[in-house]
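Chains as they are written, first to last, in the working numbering: chain W, 1 to 175; chain F, 1 to 175.
All C-beta atoms, glycine included, are put in the ideal place defined by N, C-alpha and C.
On a predicted model such as this, the values are computed, not experimentally measured, just so you know.
Structure record follows, encoded as structure tokens.
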DNA sequence: AAGATTTAACCCTACTTTGTCTTAAATTAT
DNA sequence: ATAATTTAAGACAAAGTAGGGTTAAATCTT
């Protein structure tokens, strides 16, 4: 009896010194899923010929987990950014012309629009009426982010991706 | 025997429709820990008298988990932003004058400096030499963030926090 | 019609972040 | 000295993120 309970847990306790120890928490503006989605979208936009590009190819070229990427790209498909097709010669393709898909569209489809609207301190009703102390500074930030993400299209990014020495993923991009 | 193994797991499987279902992933620029740290630092800076403020008081006023906040504030203490003192009348206090502690200092102590330096796509060596396609736009963003966080001090924020109708936490702040 | 290919859906695991609780250590007050 | 108070440190649980598989469904090729 007791041995069973004794062995039941085997907790993988991690030091926890202070707050799970220094700098394990890497904070990014975008989630991994979103970054992968952006990279994949740029990749698809940067490929010349018109057919569908298989997710397998994308995941290999960009060094992204195939299954995870599949789910991410499903989100883009459901958001109307990509079209997908099953079977041989299947894959994904842009649903619109690359100059009509903005970075904002892709981010919104995967991570949502919170980063474009939320208060720095995450306070639900932060706004002009009842602002948080950082409201003004942050509003300035957000509007810059909003502008940049709106005006940057997949075409812009794909064009840059095709330039010499520009990298799309961790490994040098070989289109 | 078998019942024991049968009951061992009880997985809390969550739909996973597409990518762990839509919009569960709330992406923020700052971690919860960092937001709490900022709120607490502003609170301490906004309290008039000079003694130590107990973490219990801060957690109650700002509606933050006491134990979690304790760890966060330890990080600020270890970073030299706060002083802490045990025992009755103990608590935390700013280690420097509030106008000499920037938002950047607080963020760097808790979330690190990645958001101020990292590429939008998280590529390790993204820079002038081998940029990612979004490098230029993002560099512009980052520098704005950097500037804002550097020039904003705890004094600025504390002053605003003391204004009418400004909120520091989810609940109305009652200093 | 049968087999191959490829996305979609589903299940599960590992790790990280957030949060709760307990015990230890420091310090003050009595 | 003893008790009370308060941070520090540690164990652990719950929830979220990233990722790895398997099976199902659609579609093409033969």
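In this model, residue 73 of chain W and residue 41 of chain W are separated by some 9 Å (Cα to Cα).
Considered as a whole, the segment 74-161 of chain F harbours 103-110, 114-117, 135-151 and 154-161 as its complete alpha helix (DSSP H) runs of no fewer than 4 residues, in chain order. Within 9 Å of the CB of residue 153 of chain W, no CB atom of chain F is found; the nearest one sits about 11 Å away. The DSSP-derived three-state label of residue 50 of chain W is coil. Separation of the CB atoms of residue 90 of chain F and residue 52 of chain F is rounded to 6 Å, and the pair is thereby assigned contact status at 8 Å. Proximity of residue 88 of chain F to chain W, defined by a Cβ-Cβ separation below 8 Å, is not satisfied.
Closer than 8 Å to the CB of residue 29 of chain W there is at least one CB belonging to chain F. Shown here for residue 94 of chain F: same chain residues with a beta carbon closer than 8 Å to its own, the five before and five after excluded, namely 41, 44, 45, 81, 82, 83, 101 and 154 in chain order.
In this structure, the alpha-carbon of residue 112 of chain W lies about 13 Å from that of residue 29 of chain F. Residue contact with chain W for residue 48 of chain F: absent (no Cβ-Cβ distance below 8 Å to any residue of chain W). Separation of the CB atoms of residue 121 of chain F and residue 75 of chain W is rounded to 17 Å, and the pair is thereby denied contact status at 8 Å.
In the structure shown, the three-state DSSP call for residue 72 of chain W is helix. If you look at residue 62 of chain W, you'll find it in the alpha helix (DSSP H) that goes 55-62. Between residue 157 of chain W and residue 126 of chain W, the alpha-carbon positions lie close to 33 Å from each other.
The beta carbon of residue 99 of chain F sits no closer than 8 Å to any beta carbon of chain W.
In the three-state reduction of the DSSP assignment, residue 39 of chain F falls in the helix class.
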